[in-house]
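Taking it in order: structure first as structure tokens, then the write-up.
Chains as they are written, first to last, in the numbering used here: chain A, 1 to 463; chain B, 1 to 687; chain C, 1 to 204; chain D, 1 to 303.
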């Protein structure tokens, strides 16, 4: 389908095809949902975790495509088509990654996403875009190579001809008689490798660079669903090894990288000058929280998945808003932004609500997850982690709220009084309101189907 | 006294028949109000105020009905289940007497504040857009709703959520004039400190949850019965104390109150910080051992807060800042009452407990009244002359007589002078201390005598401070052009305050009416043995006080009337103030706020670190040119507790951000280093 | 026979650390391709022929011919011949690579496994480390590329180690090869100015 | 009731006695005992002059402060005849009532907008703030000693406890009451009413602008205050339960002695330096603490 777009030179056709794809995708999601835990085409299983993230993806496809149309309106047909074909490809690959039931297949799809993302980051053909793309591709492929080594180590412990695609089901049986050192190495490699995608320390760097140039709707995808892909990969391996003796090791490694991510995020946010980069760092912070949550175990698992979902919704809506903000203020530099409250009230409201959401201040649904993480930590008596995390979170809140609120209310330092904002119809922001609305509701009430999905996905893990 | 209370209740029971809603109706009405609040975004700008006023009135009436039900004893505890089909988990609002009392306190002030807001917000309509008004009103409504929910919710998680909603909405209210960067900064630091407090409470609850398996105030009793009480209580105390503003946890308070619009700072300082007190009381109800230690801790901290609070207040030049510091002082007084109560519990001195707790609780009500009143008037002054600096005011009493009289009443009340309400609560605390002096042992008697001294000192300092505030602001000659051209504010800012005044005077003159329910609450919440005799005697004392205050007022009236006719018959002439022969005095020669506090600063300098900014006259200067003098005092606690560590850590964190060098090899290096780190940690069995 | 090849391979790696000229690097890359091809043929005898041929062909075409060719073009375009801008003198890089060798041997020794030939393991780890080292201690983009190619070879070697057990692995590895060869070299290698070393517009 | 009347009577001659004592000790004949009262009469007959700066506060303040003092008299007992109105903790009310009177006096002074009177107001507020604790400590020790918390009960139980060391204690109480009275009425050594320079005055400078009726009220107030403290002292040193006439005579003698003491002090010692006053007042509070320790011994809490 995406190839078709590249071939066709017509914009409207592209639009139609894209919308068709969205509908298809939604249908696929529903299909997967209906026959949960079935295997199709040999390589795909509709596991509950995959379906959960898939649902998030297809929820986000609609606004992404919508804002994509608005964003790429002025581009000429070729660019427009490349953009959309890459977008569709990206979504397809991510879907594949979600549903893959074998390590290898998953890996292939992850690698493929890199290609698609590269095409999308490079959308505006500037020097910076080139640099960002180069870095992204290079680091990602290195990371992926490392991850591949991790998978190979899995292969070593496995080492039999049959079921050579390392499907999780077949691996699960033989984990116990494996040499723990292998498992440890495999896990560390996989963690480092996929941290490029998940945007977790140590390989978080490129995602952030990618954010500062990529089109807002794409950033929305990169920092939400793509990160989910990375998390999924790591989490699959984690679930696989959880039954073995190295569970504590994995937990501490995850907590380590989570804390480091928090630290780095807090450090950068205190100095961030570029709005989208700051949001990227907040993704880093949230992923750090996810890692800590998984490391905490117990309540943490549930919290991690819920956090993942809610963070996807919030962050994506914020990034869509960034798109509109750039149309109003013509800049992402914090010094050049200001008085947004006056220039585009609806957007300002989005920023305000989004800030409250992403900072996990009640009544944001993220607060519930944060709360459960702390609960998990307390139950495991990980006081040190708890305190450090809390302190860092306070600094994150300080940094982020300061910047956001200055954009909303006070005049910009460099004075953006001259600019003429193009008028945006508040209707364009409705989707963001809806997403944030969902997040706020989650604080008081999580729908049963969601709870079921999450519980099923963490059913294998030790309580 | 029980019989009296029976009668008292009897009177109310007759009223009760009017408000008999079926329980489900309560929930439904409440929820309807909750959801209607969000519609404020779609109301046209001009009507937003009336819409939210309408909603607020509805909520106030509803909650007052509940309080009536509980306080009138028709039902000990009122449970309201807010379970919706949509919401799986049902919130339960539990109203016992304590909650009911606090709801009453909240209702009065918030309602008056809303009425006052109409006049106060008028000038902002042209400049601000509709959204900011929607946000403002929505936050105001939610501040109110969250406050009454805070006192009604027992479940830990839900409590924390509404607790934080309260902080959030008040934050949004504070930054109403956020175009001003300083106000925005203040608001943010306020938000952060509230968040820190929330974390303390959260951890405390988690500890309880870990030990008992359920996180709620009801589980506390279970926890306290078999764990050390002091540590957990201190966790709660810090969490709630940040909200209440005990020194040294007060640092947000003198910043946030001046920044906020006056009706908001009135509500915040009047009732919102009392939520901290509520929390402490709610925890104290279930504390079982370590009582003496806890009581002494509270007492000492409160004494420090009281004395330092008013000491810092005296040297402030910003009117609202001054009032903010006075809130700290009054929180101190409340804390003294509570601390004494706890000590009473510890030593089975139920009389001390009764008087201490009731004094504290009644002072909560009183302070909410006069402090909001004072803040409203400070707002009116700000409206009239657009500055908060006392040194630029003066002579305003002639320009704005109503405001001046209201402010005067507030000042008298806050100084705890009869015949106003402040005296009653302080009297109860004094009485408790004096009565127990002869029965307690050596150490406690020393402690109590120290408290008496501290309390009397606080009283004296308060008088010092408010003679200064009132005298410099409203009396004498205008000290600036702004003050010369001041006008009285519009009536819709004046009249609402008379509701508050009415309460102040009634509590002052007919204190029994209010003290009895308070006694009721205390004896019901903290099961105190055989307190009936003490209660009765205290009630009699209060009647005597009312009598004497009545005589006082009457004497004044008689004297004034007599004076009036006396002066009629004599000839009365007017002239300039006696200037010791020097007749060409200007308004600059008056006593200023600084000079008024001069000799006080002399002895208070070591604590307050007042800084003077001036140039001395050199010898070779024959004709000295113009000189300026400026003095300021900064909050030592803020410097030590907030600024220094925060700057330190944030500098540390900023150093990290060199990592994003933009060079690929470094990025790969991180992976290397991380691998190495993990390897080493594993090798040395750290993880 | 296989072991000789592998040892030879290791030698090339050490040479990498000491070499200064890009031409040498490229030759080394090509040589490694050849070696890998040989190793593959000898190692995977008992695999079905088609797959074997495919793998051999792949490693020959891509690793030994296509990639060096592309690299040469890049160098000719940009006209850089020497690997200046070392982050540290070559001497140290040599020492580091020796260390890497030792570490990988020790590690491999502790990872003895019935399915895997330990020498494979050791050399593969060594290759991996060398590749990463190349990336870390060089500033030039082109050197980063070469470092990455070495990592590629490491992966390939690894997959060969268990190749006859699960050919799927090798194919996937090859997929990576193609992906990198085509995308990174063909697209960016030609588009970026590879002699530049300050791609540092994006940083905080 | 009887206490109330006696205090009123005492107030009539109290200031006269002071003046007389001073003049005799300085070798003059001096005016009659009732001269000050006559002056008040004169003031009452006169008209009033008001400053243009002043407003409502200035007009009502004197009346309020006098009213506060009069009401304060109501709780003062006489020996074991309890006061008109007596309840637990009435001395708290007593001191706060006086304080509210003082509050108005101070803001009235500030109302004139004169620098002198501002100064006086400031000093008045400052010193009375400092003296507040001393009074409370003293009363607290009384309460500890007798176990009662109202003037009437305290003084009726004061000597009942057969402990003979109580005399030491009553002397200390007497001394403290004198000092407190001095400060409250701003006499020497804290303040010199007869000083000629506004800069060194405290109380006098506050009322520079008052005239006629208001001034009369203020004077009455201060005279009443004197006799109130006199009554307190009497209660401290003279046991109740003696013959009533004897008591009345003793009461008057105590008042006269008090007045003479004031007169003598004022004629034989100089005023403190203004910035030494705080220290001086704090010494009184510390003596109060000494009294507290003595009580601890008397009540066998401190063995």
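Each residue gets a CB set at the ideal place from its N, CA and C atoms; glycine is no exception.
Within its own chain, the residues whose Cβ lies closer than 6 Å to the Cβ of residue 144 of chain C, once the five positions on either side in sequence are excluded, are 135, listed in chain order. Excluding its 5 nearest sequence neighbours in each direction, residue 34 of chain C has C-beta neighbours in its own chain below 6 Å: 64, listed in chain order. Partner residues in the beta bridge of residue 80 of chain B, as assigned by DSSP, are B:93. Below the 7 Å Cβ cutoff, chain A contributes no neighbours of residue 139 of chain B, its closest Cβ being approximately 11 Å away.
Beyond the five residues adjoining it in sequence on each side, residue 105 of chain C comes within less than 7 Å, by CB distance, of 122 in the same chain, given in chain order. When beta bridges are read from the DSSP output, residue 218 of chain A appears opposite no residue. For residue 138 of chain C, no Cβ of chain A is located within less than 8 Å of the residue's own Cβ.
Remark: C-beta atoms of residue 196 of chain A and residue 139 of chain A approach each other more closely than 8 Å. Residue 235 of chain B and residue 177 of chain B have their C-alpha atoms roughly 34 Å apart.
Contact note: residue 669 of chain B reaches chain C through 136, using a C-beta cutoff of 7 Å and chain order. Counting only Cβ-Cβ distances below 9 Å, residue 168 of chain B has contacts in chain A at 356, 361, 362, 363, in chain order.
The C-beta distance from residue 108 of chain B to residue 70 of chain B rounds to 17 Å, too long to meet the 8 Å contact threshold.
Burial is judged here by how many other beta carbons sit within 10 angstroms of a residue's own beta carbon; residue 22 of chain D has at least 16 and is buried. Of all C-beta pairs linking the segment 225-239 of chain B to the segment 197-209 of chain B, three or more are shorter than 8 Å, placing the two stretches in contact. Proximity of the segment 74-83 of chain D to the segment 10-27 of chain D falls short of the contact definition, fewer than three beta-carbon pairs being nearer than 8 Å. For residue 78 of chain A, the closest of A:14, A:298, A:42 by C-alpha to C-alpha distance is A:14. Membership of residue 575 of chain B in the beta strand (DSSP E) is indicated by the continuous run 572-575. Look at residue 644 of chain B here: in three-state DSSP terms it is helix. Of the residues B:589, B:530, B:671, B:524, the one whose Cα lies closest to the Cα of residue 98 of chain B is B:524.
Where residue 315 of chain B is concerned, there is no enclosing beta strand (DSSP E), because DSSP gives it neither an H nor an E.
Rounded to the nearest angstrom, the gap between the Cα atoms of residue 51 of chain D and residue 60 of chain D is 14 Å.
Using a Cβ distance threshold of 8 Å, residue 432 of chain A and residue 317 of chain A count as a contacting pair.
Distances from the CA of residue 67 of chain A to each of A:218, A:183, A:365 were compared; the closest alpha carbon is that of A:218.
Counting the other CB atoms within 10 Å of its CB gives residue 87 of chain A a total of 16 or more, which places it among the buried residues. Residues of the same chain with a CB within less than 7 Å of the CB of residue 45 of chain B, apart from the 5 flanking positions on each side, are 130, 133 in chain order. Between residue 104 of chain A and chain C, the shortest Cβ-Cβ separation is below 8 Å.
Inclusion of residue 218 of chain D and residue 62 of chain D in the CB contact set at 8 Å is warranted, their separation being smaller than that value. Burial check for residue 213 of chain B: the Cβ neighbour count within 10 Å stays below 16, so the residue is exposed. In the three-state reduction of the DSSP assignment, residue 380 of chain A falls in the coil class, being assigned neither a helical nor a strand state. Per DSSP, residue 230 of chain B is one residue of the alpha helix (DSSP H) stretching across 229-244. In the DSSP annotation of this structure, residue 160 of chain D is not part of any alpha helix (DSSP H), being labelled neither H nor E.
For residue 434 of chain A, no beta strand (DSSP E) encloses it; the enclosing alpha helix (DSSP H) starts and ends at 430-444. The segment 397-414 of chain B makes no contact with the segment 282-297 of chain B; the number of CB pairs closer than 8 Å stays below 3.
Three or more beta-carbon pairs separated by less than 8 Å link the segment 7-22 of chain D to the segment 255-268 of chain D, which places the two stretches in contact. A check of alpha carbon separations from residue 280 of chain A across A:296, A:295, A:262, A:292 identifies A:262 as the nearest. Residue 247 of chain B is positioned such that its CB atom lies closer than 8 Å to that of residue 304 of chain B.
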